[in-house]
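Visitor: This is the structure, below, for whatever I ask next.
Written as structure tokens, this is what we have:
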């Protein structure tokens, strides 16, 4: 029990910042429009330097773990397809893709990474950044695919172009790809540029967590509670459980296994609400899933970390 409490106290500060953001939103100091602008600022300006530094400052051979990445990609892909196909006969088109996204799209860069850094320090950043880059590429492809299929929109070439642009121009992918290229080159960052990039990256996680909290709406919990509970179980229980099982079979080292489970066991990403709204999905359901998984994640992630360590 003391060990469980200690783990919970390590995870808790991340979610306390989310709670502070929620409180600031409720009293009007961090209104939804402001939070949305700040979230975009974090995603497009502050996060790429953080990803770049995490990889550029390490040897690529140490950051890139093929077994962890490939098995985790396989787990998320199979899991998403099974959820989508199984939900087909029971849900309306606008809810089918949203449930799939809510159960599989993790808040990797904002919540998951913050918890890893809290637990293991900056030494984990390189491996985590590479892992996140591959997952971000996959989940963006799957999300657009599953949100469009129920509306039969994949026949339009414009949608495929949109998918391609989202993948190629994703800030996480760009930051990590440039970091990999820099690391492979054998070059070293000059102290001046290192300082500039570190200063740019510094606000990333605190500001990201505040904006996550500010966008939460407590009224969302009263919408489709059964479906929301199912999504939360799938996201926080079944998906990380599947990842753990596959990586255990692949005999992945424990630190890397913990990293994958923590990242993929994090709550549903806030961007899933934006994606659902823009692609004719049930955005109210998306909002409810985000809130439920964020509220439950401190407990579930504590349990996962304790079980794995």
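In our numbering, the protein residues as written are 71 to 379. Ideal Cβ positions, reconstructed from N, Cα and C, are used throughout, including at glycine.
Among 205, 286, 182, which one has its Cα closest to the Cα of residue 136?
Guide: Residue 136 sits at position 66 when you count from the first residue of the chain shown. Nearest of 205, 286, 182 to residue 136, Cα basis: 205.
Visitor: Pull the bridge partners of residue 338 from the DSSP assignment, please.
Guide: As a working mapping, residue 338 is identified with position 268 in the chain shown. Note: residue 338 sits in a beta bridge opposite 176.
Visitor: In chain order, what residues of the same chain have a beta carbon less than 7 Å from the beta carbon of residue 114, not counting five sequence neighbours either side?
Guide: Position 44 of the chain shown, counted from the start, is the residue given in the question as residue 114. Hits under 7 Å: 241.
Visitor: For residue 177, which residues from the same chain have a beta carbon less than 6 Å from its beta carbon, with the 5 sequence-adjacent residues on both sides left out?
Guide: The count along the chain shown starts at 1 and reaches residue 177 at position 107. The answer, listed in chain order, is 336, 337, 339.
Visitor: For residue 189 versus residue 375, is the C-beta spacing smaller than 9 Å?
Guide: In the chain shown, residue 189 corresponds to position 119, counting from 1. In the chain shown, residue 375 corresponds to position 305, counting from 1. The answer is yes: Cβ separation under 9 Å.
Visitor: Am I right that residue 287 and residue 361 are in contact with their C-beta atoms under 8 Å? What's the rounded C-beta distance?
Guide: Here the question's residue 287 lines up with position 217 in the chain shown. Here the question's residue 361 lines up with position 291 in the chain shown. Going by Cβ atoms, the distance from residue 287 to residue 361 rounds to 7 Å, so yes, they are a contact pair.
Visitor: Hey, could you find the ends of the alpha helix (DSSP H) residue 203 is sitting in?
Guide: Along the chain shown, one-based indexing puts residue 203 at 133. First-last of the alpha helix (DSSP H) with residue 203: 195-218.
Visitor: Taking C-beta to C-beta, are residue 98 and residue 283 nearer than 9 Å?
Guide: Mapped onto the chain shown, residue 98 falls at position 28. Mapped onto the chain shown, residue 283 falls at position 213. In this structure, residue 283 does not lie closer than 9 Å to residue 98 by Cβ.
Visitor: Which same chain residues end up closer than 7 Å to residue 331 when comparing Cβ atoms and leaving out the 5 residues on each side of it in sequence?
Guide: As a position in the chain shown, residue 331 is number 261, starting the count at 1. The residues are 310, 313, 314, 374, 378.
Visitor: Within its chain, find whatever has a CB closer than 6 Å to the CB of residue 279; leave out the 5 residues flanking it on each side and keep chain order.
Guide: Stepping through the chain shown from its first residue, residue 279 is reached at position 209. Same-chain partners within the cutoff: 87, 88.
Visitor: Which two residues bound the contiguous alpha helix (DSSP H) that contains residue 97?
Guide: By 1-based counting over the chain shown, the position of residue 97 is 27. Run containing residue 97: none; DSSP gives neither H nor E here.
Visitor: Nearest CA to the CA of residue 308: which residue from 334, 322, 329?
Guide: Residue numbering aside, residue 308 sits at position 238 when the chain shown is read from its first letter. Nearest of 334, 322, 329 to residue 308, Cα basis: 334.
Visitor: If I measure Cβ to Cβ from residue 117 and keep anything under 7 Å in the same chain, skipping five residues before and after, which residues do I get?
Guide: Translated into positions along the chain shown, residue 117 becomes position 47. Closer than 7 Å at the Cβ level, and outside the excluded window around residue 117, lie 179, 241, 242, 245, 274.
Visitor: Which residue wins for smallest C-alpha separation from residue 300, given the options 342, 269, 258, 172?
Guide: Within the chain shown, the letter at position 230 stands for residue 300. A check of alpha carbon separations from residue 300 across 342, 269, 258, 172 identifies 172 as the nearest.
Visitor: Kindly provide the ranges of any alpha helix (DSSP H) runs that are 4 or more residues long and lie completely inside the region 241-295, ordered along the chain.
Guide: 241-255, 261-271, 274-284
Visitor: Among 302, 364, 370, 100, whose alpha-carbon lies nearest the alpha-carbon of residue 153?
Guide: Reading the chain shown from its first residue, position 83 is the one you call residue 153. Residue nearest to residue 153 within the set 302, 364, 370, 100 is 302 (criterion: CA-CA distance).
Visitor: With a threshold of 6 Å on Cβ separation, who are the neighbours of residue 85 within its own chain once the five nearest residues in sequence on each side are excluded?
Guide: To locate residue 85, count along the chain shown from 1; it is residue 15. Spatial neighbours of residue 85 in its own chain (CB-CB distance under 6 Å, excluding positions within 5 residues in sequence) are listed in chain order as 368.
Visitor: So, residue 105 versus residue 352, is the Cβ gap smaller than 9 Å?
Guide: Numbered from its first residue, the chain shown carries residue 105 at position 35. Numbered from its first residue, the chain shown carries residue 352 at position 282. Result no, Cβ atoms of residue 105 and residue 352 do not sit closer than 9 Å.
Visitor: Going by C-alpha to C-alpha distance, which of 112, 79, 100 sits closest to residue 341?
Guide: Counted from its first residue, the chain shown places residue 341 at position 271. The shortest C-alpha separation from residue 341 is found at 112.
Visitor: Can you name, in chain order, every residue of its own chain whose Cβ lies under 6 Å from the Cβ of residue 267, other than the five neighbours on each side?
Guide: By one-based count along the chain shown, residue 267 stands at place 197. Once the five neighbours on either side are set aside, the close Cβ partners of residue 267 are 119, 123.
Visitor: To the nearest angstrom, how far is the alpha carbon of residue 150 from that of residue 108?
Guide: Residue mapping note: residue 150 aligns to position 80 of the chain shown, counting from 1. Residue mapping note: residue 108 aligns to position 38 of the chain shown, counting from 1. Going by the C-alpha atoms only, they are around 30 Å apart.
Visitor: What residue from 78, 324, 350, 371 has the CA that sits closest to residue 306's CA?
Guide: One-based indexing of the chain shown puts residue 306 at position 236. Nearest C-alpha to residue 306: 371.
Visitor: Taking the alpha-carbon positions, what's the residue 256 to residue 355 distance?
Guide: Within the chain shown, residue 256 is the residue found at index 186, counting from 1. Within the chain shown, residue 355 is the residue found at index 285, counting from 1. In a straight line, the C-alpha of residue 256 is about 47 Å away from that of residue 355.
Visitor: Using a threshold of 9 Å, state whether the C-beta atoms of residue 350 and residue 145 are closer than that.
Guide: Position 280 of the chain shown, counting from 1, holds the residue named residue 350. Position 75 of the chain shown, counting from 1, holds the residue named residue 145. Cβ atoms of residue 350 and residue 145: not closer than 9 Å.
Visitor: Does residue 171 come out as helix, strand or coil in the three-state DSSP assignment?
Guide: Numbered from 1 along the chain shown, position 101 holds the residue referred to as residue 171. Note: residue 171 maps to helix in three-state DSSP.
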